[in-house]
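Heads up, the thing below is written out as structure tokens.
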DNA sequence: TAAACGCATTGACAGTTATCAATTACCTCC
DNA sequence: GGAGGTAATTGATAACTGTCAATGCGTTTA
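Chains as they are written, first to last, in my numbering: chain A, 127 to 359; chain B, 127 to 359.
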């Protein structure tokens, strides 16, 4: 099964028993902030946003959840972020109770989840590096690079097409501004600035063609470069 | 044993066998970036910084490690951050090999580590919220609040003294600037601005008296407020 | 003790971003 | 096809931050 590829056959059979596929339309809230959801999920298709809801009703996006990612909490205790569907999403859900019981029985699964979590933590720290860039255009470049690295094998998000790299921006400019800690207008200007420099070309607001990967990496701070061994230059 | 309080007695006995106390002077590099350290550690005393070293030799601080925190990687694979002592530190080290073996035998320990990691992830996302603030003074206020919440019970870092809250800033202005994604001068100005507003008073550069906790929380974005139930107002 | 040094703070100006306003592009619905 | 609505872009100005320079403060060193 996709989220658990690499695990032993009998374990996967057990997991399939407690797994339920679900589909939600765009703009659905899958998990409210503070809610003690009774499952965690794996994304097969679609994009979701992790969001902190403020007291005044506004929200701050703290991350995206895309194909191949997992979301939700393994243990009880209210979720510290809300999970909202950006597009229609189809997911696999695993009830927490049975899953926890399975973990208790299977050191293999326990260990597997531990490593997933450590990878998550590393990725979150990588993202922090992007956010620490002072200029918006640098953070935007960082976002594009992170997208490439993380979803390099998700064909409809990142596609290498006869020498040119095409990236699908999975969220609106408004959400992107929240994610990057700035405003819509600044995001727009940053796109324009990168385009003017000949680094990217915005075919549509949601479809970016990267014309100069090397300079995009430089713009992003250069420090993510060593993560891009799999990315052709 | 401190880092594992709550675990069963026999398990703790096993852990004590593979534990070694160490002390390092200030400005020591405990773990280089990319190094596959053979242990992970628990901090008993002192402050360390997590740092990403750039190709040009400059560093970007991505977090602090203080009393009660753990650091280093549970599994093999080069560390993605360097760990450097800011002050003299005394730590407990656990060799990775034996520890991993113990985890494989003990679901209790495995589960314990899983929960520690999830807490770490939540804290990292909290910190991201701070970094997403646009103004430096807001990020600085956020830093102070996070410090209070995280180390409320570490007496020499956060002390509530007959109605006034005293916070020890554990790092230099220069390191603080890196941590907040800005420059030394801006940090200095942010301290001055908060002081001018009557929110804080800088007794020394390393000793801050908070005069108006409520307004400090507001300045920090207000959204961390619900984490501060334990903090008197 | 004086000089030298590192660190923090403050000032002046240039560069970047936030904010408000206006315009354009695009999609939906009639 | 045209009207209305939403999202994206662009422009102008104020607010904030980065940079360079100078000053103050405390500690170390000769």
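Ideal placement from N, C-alpha and C gives every residue a C-beta, glycine not left out. In this text the structure is predicted, and so the values were computed from the model without any measurement.
Spatial neighbours of residue i within its chain, please: CB distance less than 8 Å, with the 5 preceding and 5 following residues excluded, ordered by chain position.
i, result
"residue 280 of chain B", "192, 193 and 194"
"residue 372 of chain B", "Residue 372 of chain B lies beyond the stretch modelled for chain B, which goes from 127 to 359, so this question has no answer here."
"residue 314 of chain B", "299"
"residue 318 of chain B", "none"
"residue 291 of chain B", "274, 284, 285, 335, 336 and 339"
"residue 360 of chain B", "The structure shown does not extend to residue 360 of chain B, since chain B is modelled only from 127 through 359, so no value can be given for it."
"residue 182 of chain A", "none"
"residue 282 of chain B", "294"
Can you give me the Cβ contacts of residue i inside the same chain, cut-off strictly under 7 Å, excluding the 5 residues immediately before and after it?
i, result
"residue 142 of chain B", "127"
"residue 207 of chain A", "159, 176, 177, 178 and 188"
"residue 308 of chain B", "262"
"residue 165 of chain B", "198, 219, 220, 221 and 222"
"residue 264 of chain A", "345, 346 and 347"
"residue 137 of chain B", "232, 234 and 235"
"residue 225 of chain A", "144"
Cβ of residue i within 7 Å of Cβ of residue j?
i, j, result
"residue 295 of chain A", "residue 303 of chain A", "no"
"residue 199 of chain A", "residue 149 of chain A", "no"
"residue 243 of chain B", "residue 243 of chain A", "yes"
"residue 124 of chain A", "residue 320 of chain A", "Shown here, chain A extends from 127 to 359; a query on residue 124 of chain A therefore has no answer."
"residue 214 of chain A", "residue 167 of chain A", "no"
"residue 212 of chain B", "residue 297 of chain B", "yes"
Which chain B residues are close to residue i, counting only those with a beta carbon under 7 Å from its beta carbon?
i, result
"residue 248 of chain A", "206"
"residue 222 of chain A", "In chain order: nothing, as chain B lies at least about 13 Å away."
Do you know how far the Cα of residue j is from the Cα of residue i?
i, j, result
"residue 333 of chain B", "residue 152 of chain B", "19 Å"
"residue 275 of chain A", "residue 240 of chain A", "22 Å"
"residue 354 of chain B", "residue 180 of chain A", "Residue placement at residue 354 of chain B cannot be trusted, given a pLDDT of 49 that sits under 50; what the coordinates show is reported in the next sentence. Computed Cα separation, rounded: 15 Å."
"residue 343 of chain B", "residue 278 of chain B", "15 Å"
"residue 139 of chain A", "residue 130 of chain A", "11 Å"
"residue 250 of chain A", "residue 326 of chain B", "31 Å"
"residue 147 of chain A", "residue 204 of chain A", "23 Å"
"residue 247 of chain A", "residue 169 of chain A", "18 Å"
"residue 135 of chain A", "residue 227 of chain B", "23 Å"
"residue 316 of chain B", "residue 190 of chain A", "31 Å"
"residue 331 of chain B", "residue 301 of chain B", "13 Å"
"residue 328 of chain A", "residue 185 of chain A", "27 Å"
"residue 238 of chain A", "residue 245 of chain B", "18 Å"
"residue 322 of chain B", "residue 272 of chain B", "22 Å"
"residue 312 of chain B", "residue 288 of chain B", "32 Å"
"residue 268 of chain B", "residue 268 of chain A", "24 Å"
Output, in chain order, the set of chain A residues within a Cβ distance shorter than 8 Å of residue i.
i, result
"residue 283 of chain B", "In chain order: nothing, as chain A lies at least about 22 Å away."
"residue 230 of chain B", "233 and 237"
"residue 244 of chain B", "199, 200, 201 and 243"
In chain B, what lies closer than 8 Å to residue i by C-beta?
i, result
"residue 236 of chain A", "233, 236, 237 and 240"
"residue 308 of chain A", "260"
With a CB to CB cut of under 6 Å and the five nearest residues on each side skipped, what residues in its chain are close to residue i?
i, result
"residue 306 of chain A", "265"
"residue 341 of chain A", "325"
In chain A, what lies closer than 7 Å to residue i by C-beta?
i, result
"residue 186 of chain B", "255 and 258"
"residue 167 of chain B", "The contacting residues do not exist; residue 167 of chain B stays about 16 Å from chain A at best."
If the cut is a Cβ gap below 9 Å, which residues of chain A does residue i touch?
i, result
"residue 251 of chain B", "176, 178, 188, 189, 206, 207 and 250"
Considering only heavy atoms of the ligand COA, does any lie closer than 6 Å to the CB of residue i?
i, result
"residue 245 of chain A", "The ligand COA is absent from the structure shown, which contains no ligands of any kind."
- Evaluate the contact criterion for the region 231 to 245 of chain B versus the region 231 to 244 of chain A: three or more CB pairs, one atom per stretch, below 8 Å. yes
- Evaluate contact between the region 250 to 258 of chain B and the region 252 to 259 of chain A, counting only Cβ atoms and requiring at least three cross-stretch pairs below 8 Å. At 8 Å Cβ cutoff, the stretches touch.
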